[in-house]
Every structure is written in structure tokens, then in C-alpha cells.
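Some notes on the structure that comes next.
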Amino acid sequence: MTRAKNRLPKPDPDSGIEDVPLLILEWLGEQGISALIRFDAERPHNQWTFAASGGALSHPIRNDSASANTCLNNGLALMRAQGLNIPF
Numbered sequence: 657m658t659r660a661k662n663r664l665p666k667p668d669p670d671s672g673i674e675d676v677p678l679l680i681l682e683w684l685g686e687q688g689i690s691a692l693i694r695f696d697a698e699r700p701h702n703q704w705t706f707a708a709s710g711g712a713l714s715h716p717i718r719n720d721s722a723s724a725n726t727c728l729n730n731g732l733a734l735m736r737a738q739g740l741n742i743p744f
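Under this note's numbering, the first residue of the sequence shown carries the number 657, and numbering increases by one thereafter.
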């Protein structure tokens with residue numbers, strides 16, 4: 657019997673995982689904005705958090721929502737309200 661060598665599985669391009677959230681986070685990083693999206697299993701509601709700060713943002717933003725999609729969309733709306741032109 658052989659032991660696993662803690663290698664990551666190879667990505668499957670046909671897996672159906674959406675690339676857009678990763679592209680958004682990468683674009684934000686290129687603009688000097690630190691950003692994250694997080695899931696907190698210990699919270700019963702609004703388990704998703706999106707936070708961003710730095711770069712062209714005049715003040716940090718944070719949004720908590722029940723779904724990843726809503727959380728990211730609301731976070732982008734908050735950044736647009738600060739004048740950030742997000743190409744997504």
C-alpha cells in the first residue's frame with residue numbers, strides 16, 4: 657500500500673466551476689486592492705463575507721450575505737459606489 661503524497665488534484669477544465677470570482681479577485685489585486693471572500697460555517701446566517709481595502713477605495717468595505725453570489729455582487733456594488741470602475 658502506498659501513502660498519499662499530499663499532492664493537489666489536477667484541475668478539470670470541464671468541472672463547471674466558475675472562473676469569474678477568481679478573475680475579479682485577481683483584477684482587484686492588480687489595482688492594489690486587497691480582497692477576500694470567505695465562508696464561515698459557525699454562523700447560521702450570512703455565512704459568506706466579502707471584504708476589500710486599499711488601492712482606489714476611500715474606505716474599506718465589508719459585506720455579509722447568505723450566498724456567495726449575493727455577497728460578491730453586493731461587495732462590487734459597494735466598491736462601485738466609491739467610484740471604482742469594475743470591468744465585470
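Glycine included, every Cβ here is placed at the ideal spot set by N, Cα and C.
These numbers come from a predicted model, not from an experiment.
field: CA nearest to the CA of A722, picked from E682, E698, G688
entry: Walking along the sequence shown from the start, residue 722 turns up at place 66. For A722, the nearest C-alpha among the options comes from E698.
request  = Below 6 angstroms CB to CB, which residues in the same chain sit around L681 once its five sequence neighbours on both sides are set aside?
outcome  = As a position in the sequence shown, residue 681 is number 25, starting the count at 1. Once the five neighbours on either side are set aside, the close Cβ partners of L681 are A691.
What does the alpha-carbon distance come out to for the pair G739 and A733? Within the sequence shown, the letter at position 83 stands for residue 739. Within the sequence shown, the letter at position 77 stands for residue 733. Taking the straight line from one Cα to the other gives about 10 angstroms.
* Asked: Once you ignore the five residues that flank R694 on each side, which residues in its own chain have a CB closer than 6 angstroms to its CB?
  -> For the purposes of this step, residue 694 is taken as residue 38 along the sequence shown, with counting starting at 1. Contacts found: T705.
Query raised in the report: In terms of alpha-carbon separation, which member of G685, Q703, H701 lies closest to P711?
Result: Residue mapping note: residue 711 aligns to position 55 of the sequence shown, counting from 1. Per the sequence shown, residue 711 should be read as Gly rather than Pro. Residue G685 is the option with its Cα nearest to G711.
- request: Report the rounded CA-to-CA distance for N729 versus V676, giving the unit in angstroms.
  value: As a first step, residue 729 is located in the sequence shown; it is residue number 73 there, counting from the start. As a first step, residue 676 is located in the sequence shown; it is residue number 20 there, counting from the start. Spanning the two alpha carbons is a distance of roughly 12 angstroms.
Does the beta-carbon of P716, which I'm using as the reference point, lie nearer than 7 angstroms to any heavy atom of the ligand SAM? Absent from the structure shown: the ligand SAM. Ligands present: none.
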